[in-house]
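Just so you know, we're using numbering that gives the first Met the number 0 here: the sequence shown kicks off at 0 and counts up by one. The beta-carbon is built from N, C-alpha and C at its ideal position, and this holds for glycine as well. Note sheet for the following structure.
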Amino acid sequence: MADIRYARALGRLGKQSEAVRLLESRLSELPDETLADLLPAPDADLTKGEGGQLMRVRMLELLVDLRGVPDIDDVDTLCALSVLQPLVPERLRRLKTAAEGPVRGRADTLLNLLESGGFGTASTEVPPQGSASPLSPEDIQGRIRHPASREGTAVHKLQGMLAARKIPDHSSLKSLAKRVTPENHPEVAAAISDGTVLLRMSSVEAYIAFGDLDTGIRGYEAKPSFMLICGNHFEAKSPVFMTPSELRFLIGGELAHIKFGHERITSREVWEGVFDKALTFVELMPVFGTYLGKLGRFGRMAGQATKMAKKVGNVRQYVSHAQNMLNTTQDIYRRKSGTAAPVRKRTEEEDLVGAFRVMQLTADRAGLILCGDPGAAVRAIFKSSPGLVPDLPTAEQYGLFAFLSRTDDQGALMYQELAVRVAALFSFYLSKEYQQLKTAGYS
């Protein structure tokens, strides 16, 4: 905080170069708050720039003014700010005005999604079918993976610890579904082919399923691996009917879940249900049970919970540390402005659940590379979640900014979990990593 004030004073004295050097040095020394981005305070409205990496944001805001020249903004710094706060329309408007080429187009695409009536505007960068190239192993592990789950992080260590678990046998599910072929569903078959090429995977079978699977796609590790696609997504009169681009987003995500072994770590309830409610640790235990002794919801839970707590202790410690850093930063700004009491700390149970969000966000990154259209990706998220399907017309009519900032009668944010997921998706779309992956995969 002192350095920010000092840099601002240097700028007023005409010592812009000295101020820039000071802030750039401080930026390089800030601790990693990537995971803290995924754990905002319960009352933090991401559409208003609350939550997130506030120290970094303040420094970048000052750098925009220090690095720019009269009437010309520093585009790179504006883009970095938009990556940190992609649900704030003013960030995107300023970036759109200053930028050129693909960056300007992406800012405009996201602005349309945030504003009313903009869902019908498709991205102009949708990759063509059948033109995918294999991404390098370094790109797959170092860019497709969400930063919080890359090698060396606690989430990555947990993944390695449980990856040796035996994969449940789901092959019998295929007998109740219809096999996808290039003849009966050419666009689905093409999407799977493109995705397996991009991620350097062997062939993955797909089946159309009806019955208990009302929405979404489920991927399963097996020999060969396969996925089940809800048949309602192919019914033109269904509220969850999906366009080819929307299906490509979900297919890319499922391929990533299979690629990174997410099925071995935890069942679907964690990385799907985490966006619907904050599960308690007790509620999570039956989910982990498939891989840790096949627990029943009421059987031997206490003893197994203790063992599981020890195994994931490093994850909880890492996430709690990230949350403490975020709380400290937010507390400084809130106390300074006198607008609110200190942010409460999340519970250990919520922190553990938060650690698993990165699995879904990793899958979303792969899905966006495959479909190339953030609007299609957002619609697919709505249509693949039964709890969100009825809300899609409202979001389309009023725009994501108004929708994600809605509160209930008590003033609590109604869709913060969804806002975290959409913000991560938009941040990736604006990032240099997305451009690098898109160029490498569809050169």
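For I380, no pairing in a beta bridge is given by DSSP. By the Cβ neighbour-count rule, G374 is buried, with 16 or more other Cβ atoms within 10 Å of its own. Closest in alpha carbon position to T76, among R93, L86, V87 and A176, is R93. Between T361 and the set L412, Y428 and E395, the nearest pair of CA atoms involves Y428. Contact check for G194 against I143 fails: the beta carbons are separated by 8 angstroms or more. By DSSP's assignment, L227 forms a beta bridge with Y206 and R217. In this structure, the beta-carbon distance from F233 to I207 falls below 8 angstroms.
A straight-line Cα-Cα distance of about 15 angstroms links R103 and T120. Where E23 is concerned, the enclosing alpha helix (DSSP H) starts and stops at Q15 to E28. Take V203, set aside five residues on each side of it, and the residues of its chain with a beta-carbon closer than 7 angstroms to its own are I191, T195, P223, S224, F225, M226, L254 and I257, in chain order. L403 is positioned such that its CB atom lies no closer than 8 angstroms to that of L387. Where S426 is concerned, the enclosing alpha helix (DSSP H) starts and stops at Q415 to L429. Two segments are said to touch when three or more pairs of C-beta atoms, one from each, lie closer than 8 angstroms; by this definition the segment 1-17 does not touch the segment 27-37. Judged by DSSP in its simplified three-state form, L412 adopts strand. For N183, there is no enclosing alpha helix (DSSP H), as DSSP marks it with neither H nor E.
Secondary structure note for F400: its alpha helix (DSSP H) is the uninterrupted segment L399 to L403. From the listed residues H184, K382, D372 and A411, the smallest Cα separation to E124 is found for D372. When the beta-carbon positions are compared, A18 and L80 stay at least 8 angstroms from each other. A straight line joining the alpha-carbon of P136 with that of E99 spans about 31 angstroms.
P243: member of the alpha helix (DSSP H) spanning P243 to K258, first to last residue. In this structure, the beta-carbon distance from P85 to S426 falls below 8 angstroms. Within the model, the alpha-carbon separation for G440 versus K14 is close to 44 angstroms.
For the pair R90 and F209, the Cα-to-Cα distance works out to about 43 angstroms. Straight across, the Cα-Cα distance linking S122 with S244 is about 10 angstroms.
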